[in-house]
């Protein structure tokens, strides 16, 4: 009897997984998540289901949930390359390129002849180089703009005002260099802000945090007030107990 129940359960799990896979192919990612979630409830140790749901969450731009499932996949089956691949895909989508390369590399160690992994590492490395070059270009562009603005202000001040503020050549050059430094600082701040924003999509959704908080509050037992025997009798007479 137990054996037949297990067989029926495995059939149901396989059916739900296949339905989820079909939904992913059709672009119905929310439905896919529902199917995978139902299957996971029936078979919570099935790492393939977590891997598939991680993909569906990623397609929905739910990076936090996608990473949770990818990590669960790795936890359940640490020798399966696809788990690390799923994690790398989420990290790359969240612009955590260094972490993604590490995860891709781990997957490649487990599956060294997988051309997709090699291509992913190459593409991500090239993307990271382009990003660094782009950030350097932004810094130099801001620096040059600041220097040019400084020169323009010096020239306009010298030729268009009756009493120029900057009369000495050294002060003119120093002012232009100062504005160039300001431009460099602006460009550097812009690139730092971009780096700080990387990985923000991996923060838990606000509604999930609020639910966790409410659940924790609900589990805190209400503190009961202790009364003396005389106080208890008095409250009993008043109908408060």
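Residue numbers (the numbering used here): 16 to 256. Quick reminder that beta carbons are idealized off the backbone N, C-alpha and C, glycines included. These numbers come from a predicted model, not from an experiment.
CA-to-CA distance, residue 75 to residue 41, given in whole angstroms: As a first step, residue 41 must be located in the chain shown, where it is residue number 26. As a first step, residue 75 must be located in the chain shown, where it is residue number 60. Straight-line Cα distance between these residues: approximately 14 Å.
Sequence-distant residues of its chain with Cβ nearer than 6 Å to residue 229 (five each side left out): Within the chain shown, the letter at position 214 stands for residue 229. Note that residue 229 has pLDDT 47, beneath the 50 cutoff, so the model's placement of it is unreliable and the number below is only indicative. Cβ within range, chain order: n/a, list empty.
Out of 29, 77, 27 and 60, state which residue places its alpha-carbon closest to the alpha-carbon of residue 44. Working through the chain shown from its first residue, we reach residue 44 at position 29. Looking at the Cα atoms, 77 is the closest of the given residues.
Environment of residue 185 [buried if 16+ CB atoms lie within 10 Å]: Translated into positions along the chain shown, residue 185 becomes position 170. Exposed: under 16 other Cβ atoms inside 10 Å.
Taking just the CA atoms, how far does residue 148 sit from residue 236? Locating residue 236 in the chain shown gives position 221, counting from the first residue. Locating residue 148 in the chain shown gives position 133, counting from the first residue. Below a pLDDT of 50, predicted positions are generally treated as unreliable, and residue 236, at 45, falls in that range; the measurement from the model is reported next regardless. Going by the C-alpha atoms only, they are around 56 Å apart.
Contact set for residue 81: own chain, Cβ-Cβ below 6 Å, skip 5 residues either direction: To locate residue 81, count along the chain shown from 1; it is residue 66. Same-chain partners within the cutoff: 69, 72, 73 and 105.
State yes or no: is the C-beta of residue 107 within less than 7 Å of the C-beta of residue 115? As a first step, residue 107 must be located in the chain shown, where it is residue number 92. As a first step, residue 115 must be located in the chain shown, where it is residue number 100. The answer is yes: Cβ separation under 7 Å.
In terms of alpha-carbon separation, which member of 99, 194 and 144 lies closest to residue 166? Indexing the chain shown from 1 puts residue 166 at position 151. The option with the nearest alpha carbon to residue 166 is 194.
Could you tell me whether the Cβ atoms of residue 54 and residue 31 are closer together than 7 Å? By 1-based counting over the chain shown, the position of residue 54 is 39. By 1-based counting over the chain shown, the position of residue 31 is 16. Yes, they are a contact pair.
So, helix, strand or coil for residue 129, using DSSP? Position 114 of the chain shown, counted from the start, is the residue given in the question as residue 129. Coil at residue 129, not helix or strand.
Are the beta-carbon atoms belonging to residue 157 and residue 198 less than 7 Å from one another? Start at 1 with the first residue of the chain shown, and residue 157 comes out as number 142. Start at 1 with the first residue of the chain shown, and residue 198 comes out as number 183. Going by C-beta atoms, residue 157 is nearer than 7 Å to residue 198.
What separation, rounded to the nearest whole angstrom, lies between the Cα atoms of residue 112 and residue 170? Stepping through the chain shown from its first residue, residue 112 is reached at position 97. Stepping through the chain shown from its first residue, residue 170 is reached at position 155. Residue 112 and residue 170: Cα-Cα distance of roughly 45 Å.
Alpha helix (DSSP H) runs contained entirely in the segment 21-81, provided each spans 4 or more residues: Counting only runs of 4 or more, we get 44-57 and 62-74.
With H, G and I counted as helix, E and B as strand and the rest as coil, what does DSSP make of residue 155? In the chain shown, residue 155 corresponds to position 140, counting from 1. The DSSP-derived three-state label of residue 155 is helix.
For residue 84, count neighbouring C-beta atoms within 10 Å of its own C-beta (all shown protein chains included) and say buried if the count is 16 or more, exposed if not. Residue 84 sits at position 69 when you count from the first residue of the chain shown. Classification for residue 84: buried.
Using a Cβ-Cβ cutoff of less than 7 Å, which residues in the same chain neighbour residue 179 once the five nearest sequence positions on both sides are dropped? Walking along the chain shown from the start, residue 179 turns up at place 164. Excluding residues within five positions, the ones whose Cβ falls inside 7 Å are 172 and 173.
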